[in-house]
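Asks:
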Amino acid sequence: MKLTFEYTWPYERMMNDIYISECPFCKKDNVLTSFKEEQMNLAKEAIKQILIMPCCHGKITILNADDDYFYTDEKLRGQS
Ligand SMILES: [Zn+2]
């Protein structure tokens, strides 16, 4: 599993909500995700989570997470 910068995507936590600062698919700003504490904890334990972006239904497969980034199974950067 590659955990390089190209396979990461930043998120932000506000209270108990998880926001994606920019959707990798449609570039929408500050997208509120359906992720809650339980899914974040699973992701941080490297249990695969699927995040469907509510803005455009783009799918992000999350393999791992830290306090700032999701680690994904595909390159999200460099796409447009
Ligand atoms: Zn989107």
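Note that the UniProt record's numbering has the sequence shown beginning at 1, numbered continuously upward.
Think of the CB as a built atom: it goes at the ideal place given N, C-alpha and C, for glycine as much as any other residue.
Of the residues Ala46, Phe35, Thr4, which one's Cα is nearest the Cα of Glu12?
Replies: Selected option, being the one with the closest Cα: Phe35.
Asks: Could you have a look at Phe70 and say whether DSSP puts it in helix, strand or coil?
Replies: DSSP places Phe70 in strand when its eight states are reduced to three.
Asks: Mind checking whether Ile52 and Ile60 have CB atoms under 9 Å apart?
Replies: It is a contact, given that the beta carbons lie within the stated cut-off.
Asks: According to DSSP, what are the bridge partners of Leu51?
Replies: According to DSSP, Leu51 bridges with Ile60.
Asks: Considering Cα atoms alone, identify which of Asp73, Asn64, Lys75, Pro54 is closest to Ile20.
Replies: Out of Asp73, Asn64, Lys75, Pro54, Pro54 has the C-alpha closest to the C-alpha of Ile20.
Asks: Whole angstroms is fine: what's the gap from Asp29's alpha carbon to Met15's?
Replies: Cα to Cα, Asp29 sits roughly 18 Å from Met15.
Asks: Taking only heavy atoms of ligand 1 into account, decide whether any of them is closer than 8 Å to the Cβ of Lys59.
Replies: The answer is no for Lys59.
Asks: Ends of the beta strand (DSSP E) at Met14?
Replies: 8-14 is the extent of the beta strand (DSSP E) around Met14.
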